[in-house]
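Residue 93 in this note's numbering sits at position 88 of the sequence shown; the count goes up by one each step and never skips.
Don't be surprised by glycine CBs; every beta carbon is placed ideally from N, CA and C.
Keep in mind that this is a model prediction, so the values were computed, not measured.
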Amino acid sequence: DTTAYTAKDGISSATSSPADITIAGGRGYIVGVVVQVDTVDITPRLRLFLFHSAPTQIVDNAAATPPLGADNTRFRGYIDLPAMISAGITGDNSSHTQDMCLRVPVDSDTYYLIIQTLDAFTPTSAAVFTIQFFVERGA
């Protein structure tokens, strides 16, 4: 799908359930996150909404304005990421963004994620977003 995203659209490949994140141990802090996309030269900022149980699904390219009223008790916060950059290395065909200065409390084994773009951009067909969380456990 190469339909252009507008600011505040949801980014998703799913139409029935949000992405989930399993955190072994279920207690501690998210201290960092890295998002990588297998597409070069895209620059959107992203907002990652975190929920402790499955929220109302927001489909791809639809306005994402979480948390919805029905999801308020599930909502655990969000992480804003800076604009994506490309590495500029020959042969590297990806863009990425990161924040390694976080301290987001974790109080559940499983979190659900809704991704929102804060800027308009056009994806390439079948682009893959890889999200890696770094967790300090047992805090």
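In summary, Arg142 is exposed, with fewer than 16 beta-carbon neighbours lying within 10 Å of its beta-carbon over all protein chains present.
In this model, Ser58 and Ser99 are separated by some 31 Å (Cα to Cα). The Cβ atoms of Ile26 and Ala69 lie no closer than 8 Å to each other.
The Cβ-Cβ distance between Tyr83 and Leu53 falls below 8 Å.
With fewer than 16 other beta carbons inside 10 angstroms of its own, Met105 counts as exposed. For His57, there is no enclosing beta strand (DSSP E), as DSSP marks it with neither H nor E. In this structure, the beta-carbon distance from Asn66 to Thr8 falls below 8 Å. In the structure shown, the three-state DSSP call for Asp76 is helix. Beta-bridge analysis with DSSP links Pro49 to no other residue. With 16 or more other Cβ atoms from the protein chains shown falling within 10 Å of its own Cβ, Ser17 counts as buried.
Residue state for Val133 is assigned as coil, using DSSP reduced to three classes.
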